[in-house]
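**Q** In UniProt numbering, the protein residues as written are 1 to 304. Each residue gets a CB set at the ideal place from its N, CA and C atoms; glycine is no exception. Take this structure, written in structure tokens, and hold onto it; I'll ask about it next.
Here it is in structure tokens:
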């Protein structure tokens, strides 16, 4: 008789996934202090009951090991859409608000569940453990004018950091090895994946503008050197704070017209090979992604 397969971790197979819940939060404008703007966003929430769904599967009901995703969706929507004047100071503030509502809603569902003998005890300190882990992600398509998309995420298992993904900052810069490339500016797409300490929220707009200005005024022959310079600049960005709040960064540089024949070419550089003594904390990883579209197109060049 063959040995029975070992059970997989609950987080790998047992989960509830609320995907792309569309919301319209009001976030204070970085360009116009004191005013807020509506920004379409998509909220995704993945929940992992640590013990799996065994009880709910057995009894076919909402037992303490699972949750009502409808109630969770309503809780998130009510926080953001319930009041036209309700606004958030930043995406970090929005994330924190949703996190609080998620935990409170899970506790409420578990304590009011008839199958759960423990009632809601307002005197209990700290609040009871929900035994549910989660990943929270918010996608913005218009929050940063210079980038194609912004994605921010937090997880209950790593509570001190926010993952920030600034995708495809379109920049014209002097880049290339061949003589004819050095006479014109070419477009590159820069993406940053970084980890930010929650106690020192990063000004994402300011970082994006800083990277844009630095790259647009630079002149490099290779994307490797350009990506390394961007990583160094990002890690040194202090957001007007004494302590750097960026723990690590992955830089991706895309040069759409880099080659004429290959369908794709990707080089990835381990972060351990790029550490420098002056870096504050963490590590970095550079990724050169070349996505050609055929023969070089002169529309991709910007004449000085």
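Does the Cβ-Cβ distance between residue 212 and residue 169 come in under 7 Å?
**A** As a first step, residue 212 is located in the chain shown; it is residue number 212 there, counting from the start. As a first step, residue 169 is located in the chain shown; it is residue number 169 there, counting from the start. Yes, the pair counts as a contact, with Cβ atoms nearer than the cut-off.
**Q** Exposed or buried, which one is residue 52 when buried takes at least 16 other CB atoms within 10 Å?
**A** Position 52 of the chain shown, counted from the start, is the residue given in the question as residue 52. Buried.
**Q** For residue 185, does the count of other Cβ atoms within 10 angstroms reach 16, so buried, or fall short, so exposed?
**A** One-based indexing of the chain shown puts residue 185 at position 185. It counts as buried.
**Q** Assign residue 255 to buried or exposed, taking buried as 16 or more other Cβ atoms, counted over all protein chains shown, within 10 Å of its Cβ.
**A** Here the question's residue 255 lines up with position 255 in the chain shown. Its Cβ being crowded by 16 or more others within 10 Å, residue 255 is buried.
**Q** Since I believe residue 69 is in contact with residue 18 (beta carbons under 8 Å), could you give me their beta-carbon distance rounded to a whole number of angstroms?
**A** Along the chain shown, one-based indexing puts residue 18 at 18. Along the chain shown, one-based indexing puts residue 69 at 69. Yes, residue 18 and residue 69 are in contact; Cβ-Cβ is about 5 Å, under 8 Å.
**Q** Excluding the 5 residues preceding and the 5 following residue 38 in the sequence, name in chain order all residues of the same chain whose CB lies nearer than 7 Å to its CB.
**A** Position 38 of the chain shown, counted from the start, is the residue given in the question as residue 38. If we look at residue 38 and ignore the five residues flanking it on each side, its Cβ neighbours are 24 and 26.
**Q** If you count every other CB in all the chains shown that lies within 10 Å of the CB of residue 14, and 16 or more means buried, which is it?
**A** Along the chain shown, one-based indexing puts residue 14 at 14. The residue is buried, with at least 16 neighbouring Cβ atoms inside 10 Å.
**Q** Apart from the five residues just before and just after residue 148, which ones in its own chain have a Cβ nearer than 6 Å to its Cβ?
**A** Your numbering for residue 148 matches position 148 in the chain shown. Closer than 6 Å at Cβ, skipping near neighbours: 167 and 168.
**Q** Less than 7 Å between C-beta atoms, sequence neighbours within five positions excluded: which residues of the same chain meet that for residue 105?
**A** Looking up residue 105 in the chain shown gives position 105. Answer for residue 105: 71, 72 and 75, listed in chain order.
**Q** Assuming residue 183 is part of the alpha helix (DSSP H), what are its boundary residues?
**A** Sequence index remark: in the chain shown, residue 183 carries index 183 (1-based). Counting along the chain, residue 183 falls outside any alpha helix (DSSP H), and DSSP gives it neither H nor E.
**Q** Would you mind working out which of 237, 197 and 22 sits nearest residue 214, comparing C-alpha positions?
**A** Taking the first residue of the chain shown as 1, we reach residue 214 at position 214. The shortest Cα separation from residue 214 among 237, 197 and 22 belongs to 237.
**Q** Residue 245 and residue 202: beta carbons closer than 7 Å?
**A** Against the chain shown, residue 245 aligns to sequence position 245. Against the chain shown, residue 202 aligns to sequence position 202. Yes.
**Q** Expressed to the nearest angstrom, what Euclidean distance is found between the alpha-carbon atoms of residue 99 and residue 180?
**A** Numbered from 1 along the chain shown, position 99 holds the residue referred to as residue 99. Numbered from 1 along the chain shown, position 180 holds the residue referred to as residue 180. Rounded to the nearest angstrom, the two C-alpha atoms are 52 Å apart.
**Q** So which of 54, 139 and 63 has the shortest CA-CA distance to residue 94?
**A** As a position in the chain shown, residue 94 is number 94, starting the count at 1. It is 139 whose Cα lies nearest to the Cα of residue 94.
**Q** At the 7 Å Cβ level, is residue 215 part of the contact set with chain D, yes or no?
**A** Given the protein chain composition of this structure (a single chain), no chain D is represented.
**Q** Kindly provide the ranges of any alpha helix (DSSP H) runs that are 4 or more residues long and lie completely inside the stretch 84 to 109, ordered along the chain.
**A** Here no run is fully enclosed.
**Q** If I measure Cβ to Cβ from residue 300 and keep anything under 7 Å in the same chain, skipping five residues before and after, which residues do I get?
**A** If you number the chain shown from 1, residue 300 lands on position 300. Since pLDDT at residue 300 reaches only 48, below the 50 mark, its modelled position is unreliable, and the value read off the structure follows with that caveat. Cβ neighbours of residue 300 beyond the five flanking positions: 186, 187, 256 and 257.
**Q** Cα-Cα, which of 248, 183, 176 and 194 is closest to residue 311?
**A** Not covered by the structure: residue 311. The range shown for the chain is 1 to 304.
**Q** Taking residue 70 as part of the alpha helix (DSSP H), name the residues at either end of that continuous run.
**A** Walking along the chain shown from the start, residue 70 turns up at place 70. 69 to 81 is the extent of the alpha helix (DSSP H) around residue 70.
**Q** Would DSSP call residue 207 helix, strand or coil?
**A** Within the chain shown, the letter at position 207 stands for residue 207. Correct three-state label for residue 207: helix.
**Q** Within a Cβ cutoff of 6 Å, which residues of the same chain sit near residue 58, ignoring the five residues on either side of it in sequence?
**A** In the chain shown, counting from the first residue as 1, residue 58 sits at position 58. Excluding positions up to five away in sequence, the list is empty.
**Q** Can you tell me which residues form a DSSP beta bridge with residue 41?
**A** Translated into the one-based positions of the chain shown, residue 41 becomes position 41. Answer by DSSP bridge pairing, in chain order: 23 and 140.
**Q** State the DSSP-derived secondary structure class of residue 63, mapped to helix, strand or coil.
**A** As a first step, residue 63 must be located in the chain shown, where it is residue number 63. Residue 63: coil per DSSP, three-state reduction.
**Q** Identify, in the order they occur along the chain, each residue of the same chain with its Cβ nearer than 8 Å to the Cβ of residue 161, setting aside the five sequence neighbours on each side.
**A** Translated into positions along the chain shown, residue 161 becomes position 161. 154, 195, 196, 197, 198 and 247.
**Q** So, is residue 174 buried or exposed, given that buried needs 16 or more other C-beta atoms within 10 angstroms?
**A** As a working mapping, residue 174 is identified with position 174 in the chain shown. Under this definition residue 174 is a buried residue.
**Q** On the criterion of 16 or more Cβ atoms from any shown chain inside 10 Å, does residue 385 qualify as buried, or is it exposed?
**A** No statement about residue 385 is possible, as the shown extent of the chain runs from 1 to 304 and does not include it.
**Q** Tell me, which residues are paired with residue 222 by DSSP?
**A** As a working mapping, residue 222 is identified with position 222 in the chain shown. Its beta-bridge partners do not exist; DSSP assigns none.
**Q** With residue 157 as the anchor, note down where its beta strand (DSSP E) starts and where it stops.
**A** Start at 1 with the first residue of the chain shown, and residue 157 comes out as number 157. Where residue 157 is concerned, there is no enclosing beta strand (DSSP E), given that its DSSP letter is neither H nor E.
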